[in-house]
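Novice: The following block contains the structure, expressed as structure tokens.
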Amino acid sequence: MKHLIDIKDLSVEEIDELIKVAKDIIANKEKYSHKCDGKTIATLFFEPSTRTRLSFEAAMIGLGGQVLGFSEAASSSVSKGESVADTTRIVGVYSDIIAMRHPKEGAPLVASLKSVVPIINAGDGGHNHPTQTLTDLLTIQCEKGRLDNLTIGLCGDLKFGRTVHSLVTAMSRYKNIKFILISPKELVMPEYIKKDVLEKNNIEYCETTDIEEYMDKLDVLYMTRVQKERFFNEADYVRLKDYYILNKEKLKKAKEDLCIMHPLPRVNEISTDVDDDKRACYFKQAEYGKYIRMALILKLLEIK
Ligand code: CP
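Residue numbers for the sequence shown follow this note's numbering, beginning at 4 and rising by one.
See the structure below:
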């Protein structure tokens, strides 16, 4: 049985295959509408979510399957002290596959050790968010037509933003990728990502606090929210939350075919005046998330 806990659980070939299937689903939705008849996904969300939980549920419904689950820990027996491992073991009796989000890093991994059905990490603390990364890869492939030869700007909370950690890990396996890491000094990319992923794979990168410094070089600009829920003190969050606000003015030097991404939810980091710019891809990105999750469910359930 295969789980998806970390993006590295998938080889580049497997990711390319998932992207191929997701594109086929987009083009031929009807062909897939009964692939999961009789199957159920359980969404166990111990942290808030809109896109990830609902896109998993929409994905399973789009495949003809059914959904069950909870959207907050308080409505489960975890609130009475039940462990994540026991919860997962029980839910595996009621479902064929589980998507889990948890505030603690490693919780989905712990769950997978005892689970009788495939576990998908739907975000664990500030650590990883592999299905967001699959969403991002499908978006880049569809919007740019390639996953190599790209200069990618990552902007915002690079310290706590789990989506950028997983994205760097995934993109470092493609050819000729350069990263521009744009963040306040307090929210720089963690050392373990720089050393163990970027430097180990000889990926070119530079760090800056200025969002406009490399704007003309970027093929992709990936904005992120300052992760309020991971801060230890409110004053630091308030000081840093509006450090970057992307607007039309800041895009003046950007390429005509720049792809502007954001995993969402957005707070203030992209002004709404950018939403009608043809380079704004973040709402499409959320839609791509449903199709790549459909492809992933099929893969983990071993349905052709
Ligand atoms: N991108 C993302 O994970 O969004 P949600 O928190 O709404 O699931």
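C-beta atoms are modelled at their ideal positions from N, C-alpha and C, and glycine is treated no differently.
Look up Gly311 in the DSSP assignment and say whether it is helix, strand or coil.
Specialist: Missing from the structure shown is residue 311; the chain here goes from 4 to 307 and no further.
Novice: In this structure, does DSSP put Glu305 in helix, strand or coil?
Specialist: In the sequence shown, counting from the first residue as 1, residue 305 sits at position 302. Three-state result, Glu305: coil.
Novice: Buried or exposed: Asp139, going by 16 or more other Cβ atoms within 10 Å of its Cβ?
Specialist: Position 136 of the sequence shown, counted from the first residue, corresponds to residue 139. The residue in question, Asp139, is buried, as its Cβ has 16 or more Cβ neighbours within 10 Å.
Novice: On the DSSP bridge list, what partners appear for Asp127?
Specialist: The residue labelled residue 127 in the question sits at position 124 within the sequence shown. DSSP output for Asp127 lists His105, Asn131 as bridge partner(s).
Novice: Tell me whether Pro106 counts as near the ligand CP, meaning its Cβ is closer than 6 Å to at least one heavy atom of that ligand.
Specialist: Stepping through the sequence shown from its first residue, residue 106 is reached at position 103. Not under cutoff, so the answer is no.
Novice: Once the 5 residues before and after Met218 are set aside, which same chain residues still bring their CB inside 6 Å of it?
Specialist: Here the question's residue 218 lines up with position 215 in the sequence shown. Closer than 6 Å at Cβ, skipping near neighbours: Lys256, Ala257.
Novice: Could you please give me the residues that DSSP links to Ile155 through a beta bridge?
Specialist: Translated into positions along the sequence shown, residue 155 becomes position 152. For Ile155, which the question treats as bridged, DSSP gives the partners Phe182, Val223.
Novice: Sort out for me which residues DSSP pairs Gly72 with in a bridge.
Specialist: Within the sequence shown, residue 72 is the residue found at index 69, counting from 1. According to DSSP, which records beta bridges pairwise, Gly72 is partnered with Thr46.
Novice: Buried or exposed: which applies to Gly148, given that a residue is buried once 16 or more other Cβ atoms fall within 10 Å of its Cβ?
Specialist: Taking the first residue of the sequence shown as position 1, residue 148 is located at position 145. Exposed, by the Cβ-count rule.
Novice: Name the DSSP bridge partner or partners of Ile100?
Specialist: For the purposes of this step, residue 100 is taken as residue 97 along the sequence shown, with counting starting at 1. DSSP lists Ile44 as partners of Ile100.
Novice: Measure the C-alpha to C-alpha separation of Cys368 and Val223 and round it to an integer number of angstroms.
Specialist: The question about residue 368 has no answer, for the chain in this structure spans 4 to 307.
Novice: DSSP on Tyr247, reduced to helix/strand/coil?
Specialist: Against the sequence shown, residue 247 aligns to sequence position 244. DSSP places Tyr247 in coil when its eight states are reduced to three.
Novice: Is any heavy atom in the ligand CP found nearer than 6 Å to the beta carbon of Arg54?
Specialist: As a first step, residue 54 is located in the sequence shown; it is residue number 51 there, counting from the start. Result yes, Cβ under 6 Å from the ligand CP.
Novice: How should Thr275 be labelled, buried or exposed, when 16 other C-beta atoms within 10 angstroms of its C-beta is the threshold for buried?
Specialist: Counting from one through the sequence shown, the residue named residue 275 turns up at place 272. Classification of Thr275: exposed, given that the 10 Å Cβ count is below 16.
Novice: Do you know offhand how far Glu75's Cα is from His132's?
Specialist: Your numbering for residue 75 matches position 72 in the sequence shown. Your numbering for residue 132 matches position 129 in the sequence shown. Approximately 18 Å, taken between the alpha carbons.
Novice: Would Val87 and Val113 qualify as a contact pair, given that the criterion is a beta-carbon distance under 7 Å?
Specialist: Your numbering for residue 87 matches position 84 in the sequence shown. Your numbering for residue 113 matches position 110 in the sequence shown. Their beta carbons are under 7 Å apart, which means Val87 touches Val113 by this criterion.
Novice: Are the CB atoms of Asp160 and Val229 nearer to each other than 7 Å?
Specialist: Counting from 1 along the sequence shown, the entry for residue 160 is found at position 157. Counting from 1 along the sequence shown, the entry for residue 229 is found at position 226. In this structure, Val229 lies closer than 7 Å to Asp160 by Cβ.
Novice: Would you call Phe182 buried or exposed, if buried means 16 or more other Cβ atoms sit within 10 Å of its Cβ?
Specialist: For the purposes of this step, residue 182 is identified with residue 179 of the sequence shown, where counting begins at 1. Buried, since its Cβ has 16 or more Cβ neighbours within 10 Å.
Novice: Taking contact to mean 3 or more Cβ pairs, one atom from each stretch, closer than 8 Å, check whether the segment 168-178 and the segment 200-210 are in contact.
Specialist: Result yes; three or more Cβ-Cβ pairs closer than 8 Å.
Novice: Kindly identify the DSSP beta-bridge partner or partners of Leu7.
Specialist: Here residue 7 is taken as the residue at index 4 of the sequence shown, counted from 1. DSSP output for Leu7 lists Ile123 as bridge partner(s).
Novice: What do you get for Ser52, buried or exposed, if any count of 16 or more other CB atoms within 10 angstroms of its CB means buried?
Specialist: On the sequence shown, residue 52 is found 49 positions in, with the first residue counted as 1. Flag for Ser52 reads buried.
Novice: If you compare alpha carbons, which of Pro266, Asn179, Lys162, Leu21 is closest to Ile196?
Specialist: Mapped onto the sequence shown, residue 196 falls at position 193. For the residues Pro266, Asn179, Lys162, Leu21, the minimum Cα distance to Ile196 belongs to Lys162.
Novice: With hydrogens ignored, establish whether the beta-carbon of Pro266 is closer than 6 Å to any heavy atom of the ligand CP.
Specialist: As a working note, residue 266 is residue 263 in the sequence shown. Yes, since a heavy atom of the ligand CP falls inside the 6 Å radius drawn around the Cβ of Pro266.
Novice: Enumerate in chain order the residues of its own chain whose CB-to-CB distance from Leu150 is below 7 Å, with the five nearest sequence positions on each side excluded.
Specialist: As a first step, residue 150 must be located in the sequence shown, where it is residue number 147. Hits under 7 Å: Leu140, Ile143, Gln144, Tyr177.
Novice: Our contact map puts Glu156 next to Met297 with C-beta atoms below 8 Å; I'd like the distance itself, whole angstroms only.
Specialist: Indexing the sequence shown from 1 puts residue 156 at position 153. Indexing the sequence shown from 1 puts residue 297 at position 294. A small correction: the amino acid at residue 156 is Gly; Glu does not occupy that position in the sequence shown. Wrong, their Cβ atoms sit about 29 Å apart, outside the cutoff.
Novice: For the beta strand (DSSP E) containing Met264, list its first residue and its last residue.
Specialist: Stepping through the sequence shown from its first residue, residue 264 is reached at position 261. Here the beta strand (DSSP E) through Met264 covers 262-264.
Novice: Using the three-state DSSP reduction, which class does Glu189 fall into: helix, strand or coil?
Specialist: Residue 189 sits at position 186 when you count from the first residue of the sequence shown. Correct three-state label for Glu189: helix.
Novice: Since Thr211 is in the beta strand (DSSP E), which residue starts that stretch and which ends it?
Specialist: Numbered from 1 along the sequence shown, position 208 holds the residue referred to as residue 211. It spans 207-211 - the beta strand (DSSP E) in which Thr211 sits, taken as one unbroken run.
Novice: Tell me whether Gln135, by its Cβ, gets closer than 6 Å to a heavy atom of the ligand CP.
Specialist: Working through the sequence shown from its first residue, we reach residue 135 at position 132. At least one heavy atom of the ligand CP is nearer than 6 Å to the Cβ of Gln135, so yes.
Novice: Verify whether the separation of the beta carbon atoms of Leu137 and Ile29 is less than 7 Å.
Specialist: Against the sequence shown, residue 137 aligns to sequence position 134. Against the sequence shown, residue 29 aligns to sequence position 26. Not closer than 7 Å, so no.
Novice: Please name the residue, chosen from Leu116, Gly68, Gln69, Lys34, that lies closest to Met4 on a Cα-to-Cα basis.
Specialist: Indexing the sequence shown from 1 puts residue 4 at position 1. The shortest Cα separation from Met4 among Leu116, Gly68, Gln69, Lys34 belongs to Leu116.
Novice: Give the range of the alpha helix (DSSP H) segment to which Ile29 is assigned.
Specialist: Against the sequence shown, residue 29 aligns to sequence position 26. Here the alpha helix (DSSP H) through Ile29 covers 15-30.
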